[in-house]
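Below is one structure, written out as structure tokens, with a few remarks after it.
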Amino acid sequence: MALLYLKVLLVGVSFLGCLYPLVDFCFSGETRGQKPNFVIILADDMGWGDLGANWAETKDTANLDKMAAEGMRFVDFHAAASTCSPSRASLLTGRLGLRNGVTHNFAVTSVGGLPLNETTLAEVLQEAGYVTGMIGKWHLGHHSSYHPNFRGFDYYFGIPYSHDMGCMDSPGYNHPPCPACPRAARASRSPERDCYTDVALPLYENLNIVEQPVNLSSLAQKYTEKATQFIQRASTSRRPFLLYVGLAHMHVPLTRTQLSADPQDRTPYASNLREMDSLVGQIKDKVDRVAKENTFLWFTGDNGPWAQKCELAGSVGSFTGLWQAQQGGSPAKQTTWEGGHRVPAVAYWPGRVPTNVTSTALLSVLDIFPTVVALAGASLPPGRHFDGLDASEVLFGGSQTGHRVLFHPNSGAAGEYGALQTVRLEHYKAFYVTGGAKACDGSVGPEQHHEPPLIFNLEDVAEAVPLERGSAEYRSVLPKVREALADVLQDIAHDNISRADYTRDPSATPCCDPHQIACRCQTASLTDISTSRNIGK
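Next up, the structure:
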């Protein structure tokens with residue numbers, strides 16, 4: 091571990107021109123010029139329908155509605171996978187899991203993470219002179235060199251994986267409920283309820299665990315404070331910046347505090363949606379105050395809602411996956427039905443992104459990487475292929491043309507993890523395998539393989555009735571689907587691909603005091619970025 095601390099310090103010397111302690115970071119005062127800043131906000135398990143049908147204003151997302159009215163909303167925008175780690179890996183690399191190696195989620199005891207030979211967006215922007223920060227959920231490896239501080243982020247404050255992957259003293263809403271952290275004797279994880287009761291959830295600031303267990307009721311406020319402090323210091327330092335915020339919302343457990351203060355007696359989900367919206371609004375307000383003309387803010391989600399959480403899950407809106415629902419199981423998170431990967435998305439950049447525009451372009455989380463790299467005037471990492479595209483013409487040029495073809499990797503409900511067996515071609519969608527994730531009633535849809543594939547015309551937004559295999563429309567689309575799939579698989583076969591290490595070892599578990607039950611520890615007060623002694627030197 092001592093070598094890891096030394097590595098962080100050396101990175102500070104070589105890149106930032108100054109040392110930063112494990113809870114600090116610094117800005118060297120280089121001239122920013124015209125390079126834009128970037129703020130990427132990623133919601134967790136948020137449903138496409140959570141913002142209302144066709145982005146109608148809702149009582150719980152006033153700030154996001156305002157951002158959409160002042161920017162561009164996307165109605166055909168997709169996560170790169172339908173579960174946490176693969177989606178986040180694709181955001182930071184611009185590559186599908188079959189290329190970057192991340193095809194399913196990492197665990198509390200995972201030794202590995204996003205392969206080290208993959209170049210992250212943060213690393214590219216560091217090389218281009220940016221200061222980089224990450225707030226929130228990482229879930230791409232926390233052990234050793236997989237930690238965010240070693241993957242291009244000068245500053246990190248957050249939880250290393252999903253916040254249901256550890257116990258808390260005051261657990262939030264979950265279905266079924268999970269117990270609080272033990273205080274007297276160790277307990278083991280309950281596989282039936284999927285509750286983590288042996289190790290408390292950790293909160294990191296850079297390489298230090300500053301809170302274990304996490305206080306969920308104050309987490310959103312901490313994230314807001316750290317994000318706004320980062321923006322403030324970066325904007326006055328004459329350095330361009332990248333801030334990536336991985337929200338805990340709307341993943342379970344949902345916080346309890348918002349309900350008690352809500353006079354309109356909203357449901358737990360609605361109250362947490364409002365809390366998330368407030369957090370996003372405060373980040374946007376800070377950008378507007380200190381860096382409005384030169385900051386590109388992009389909000390989206392990692393995948394669709396987690397239906398097995400019942401009333402604690404979001405809404406897929408009109409993307410109900412009726413064909414699958416009739417077979418059994420959920421057509422949301424972990425599936426390749428629209429409810430699993432079609433996510434809300436908003437782009438905001440006053441003076442650059444046109445206001446109150448709805449884009450129907452077919453776009454993806456994969457596109458964030460090449461778009462940001464291009465806008466920063468940087469270069470894509472050499473020696474590898476990318477699945478995302480530069481969306482600048484859609485964002486700034488009035489184009490409604492995005493991808494012609496998009497691939498939705500298997501994400502747990504059916505088929506081999508990461509395999510490309512669902513193909514989006516223009517307004518058609520072909521399934522070579524189908525399956526339903528665990529639904530609220532506990533049912534799971536059977537895995538079914540289709541050769542030739544099921545093909546839907548997505549004018550049928552509910553994916554209710556596939557095209558007749560003998561129809562002229564089907565016969566016209568099928569060869570194009572086959573060609574597109576064959577082309578991408580051949581491209582991947584000749585690409586520089588990575589393989590993630592999914593080995594598990596209990597010693598990789600984050601634990602600030604292994605002598606205490608559930609790794610409980612007393613921690614020092616959290617660092618105020620604005621008073622950190624190295625800032626601005």
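In the working numbering, the protein residues as written are 91 to 627.
Just so it is clear, CB atoms sit at the ideal spot from N, CA and C, and this is done for glycine as well.
Here the structure is a predicted model, which is why all the values come from computation and not from measurement.
* Asked: When DSSP labels each residue in this structure, what does Pro395 get in the three-state scheme?
  -> Coil.
* Pair within 8 Å by beta-carbon distance, Val370 and Met162 -> No; because the gap between Cβ atoms is not below 8 Å, this pair is not in contact.
* Ends of the beta strand (DSSP E) at Tyr518? -> From DSSP, the beta strand (DSSP E) with Tyr518 extends over Tyr518 to Thr524.
* Asked: When the distance is taken between beta carbons, is Leu485 closer than 8 Å to His168?
  -> If you check the CB distance, His168 and Leu485 do not come in under 8 Å.
* Asked: Whose C-beta lies closer than 7 Å to the C-beta of Val113 among residues of the same chain, with five residues either side of it excluded?
  -> Legend: pLDDT at Val113 = 39, less than 50; position of this residue unreliable, no value from coordinates given.
* **Within 8 Å, strictly: CB atoms of Ala290 and Ala608** => A contact, by the Cβ cut-off of 8 Å.
* **Residue range of the beta strand (DSSP E) that includes Asn190** => It is not in any beta strand (DSSP E) - Asn190 instead sits in the alpha helix (DSSP H) that spans Gly187 to Asn190.
* Can you tell me the Cα-Cα spacing of Asn500 and Leu465, whole angstroms? -> Their Cα atoms are separated by approximately 31 Å.
* Residue of Cys285, Val221 and Arg185 minimising C-alpha distance to Leu510 -> Cα-wise, what sits closest to Leu510 is Arg185.
* To do: Kindly provide the ranges of any beta strand (DSSP E) runs that are 3 or more residues long and lie completely inside the stretch 531-604, ordered along the chain.
  => Taken in chain order, the unbroken stretches of beta strand (DSSP E) that lie wholly in the stretch 531-604 and span 3 residues or more are 538-547.
* Report yes if the CB atom of Gly226 is closer than 8 Å to the CB atom of Val335, and no otherwise. => Contact flag set, yes.
* Asked: At which residues does the beta strand (DSSP E) containing Gly248 begin and terminate?
  -> For Gly248, the uninterrupted beta strand (DSSP E) segment begins and ends at Tyr245 to Gly248.
* Quick one: Cα of Arg610 to Cα of Ala451, how far? -> Rounded to whole angstroms, Arg610 to Ala451 spans 48 Å at the Cα level.
* Asked: Taking DSSP as the reference, what is the three-state secondary structure of Cys268?
  -> Secondary structure at Cys268: coil, using DSSP grouped into helix, strand and coil.
* Inter-residue Cα distance where the pair is Pro281 and Val377 -> Note that Pro281 scores 46 on pLDDT, short of 50, meaning its location in the model is unreliable and no value can be drawn from it.
* Along the chain, where does the beta strand (DSSP E) that runs through Pro499 open and close? -> Looking at the DSSP string, the run of the beta strand (DSSP E) that includes Pro499 is Val495 to Pro499.
* Asked: Counting along the chain, where does the alpha helix (DSSP H) carrying Gln372 start and finish?
  -> Element bounds for Gln372: Pro358 to Val380.
* Asked: By Cβ distance below 6 Å, which residues in the same chain neighbour Ser218 in space, the five residues on each side in sequence not counted?
  -> The identity of residue 218 in the sequence shown is Ala, whereas the question assumes Ser. Cβ within range, chain order: Ala466 and Ala468.
* **Closest residue to Gly502 among Cys174, Gly203, Lys312 and Gly202 (Cα-Cα distance)** => Checking every option, the nearest Cα to that of Gly502 belongs to Cys174.
* Asked: From the DSSP output, which residues share a beta bridge with Gln302?
  -> DSSP, once it has assigned bridges, lists Cys611 as partnering Gln302.
* To do: Sort Gly441, Ala415 and Ala397 by Cα distance to Gln424 and report the nearest one.
  => Residue Ala397 is the option with its Cα nearest to Gln424.
* Asked: With burial defined as no fewer than 16 other Cβ atoms inside 10 Å of the residue's Cβ, what is the status of Asp254: buried or exposed?
  -> With 16 or more Cβ atoms within 10 Å of its Cβ, Asp254 is classed as buried.
* Asked: Can a CB atom of chain D be found closer than 8 Å to the CB of His498?
  -> Looking for chain D here will not work: only one protein chain is present.
* Could you tell me if Ala212 is buried or exposed, where buried requires 16 or more neighbouring beta carbons within 10 angstroms of its beta carbon? => Answer is buried; the Cβ neighbour count reaches 16.
* To do: Check each candidate in Leu402, Pro472 and Gly223 and name the one with the smallest Cα separation from Asp135.
  => Nearest to Asp135 by C-alpha distance, out of Leu402, Pro472 and Gly223, is Leu402.
* What whole-angstrom Cβ distance do Gly411 and Pro421 have, given they're in contact under 8 Å? -> For a cut-off of 8 Å, the C-beta gap from Gly411 to Pro421 is around 2 Å, short enough to register as a contact.
* Asked: Should the stretch 226-245 be called in touch with the stretch 478-492, which here means at least 3 C-beta pairs below 8 Å?
  -> Remark: fewer than three beta-carbon pairs, one from each stretch, lie closer than 8 Å, so the stretch 226-245 and the stretch 478-492 are not flagged as touching.
* Asked: Taking C-beta to C-beta, are Asp140 and Gly404 nearer than 8 Å?
  -> Yes. Within cutoff.
* Simplified DSSP assignment, three categories, for Glu295 -> Residue state, collapsed to three classes: strand.
* Contact set for Gly441: own chain, Cβ-Cβ below 8 Å, skip 5 residues either direction -> Cβ neighbours of Gly441 beyond the five flanking positions: Glu383.
* Where DSSP assigns a beta bridge to Val335, which residues make up the other side? -> Ile131 and Ile225, per the DSSP bridge assignment.
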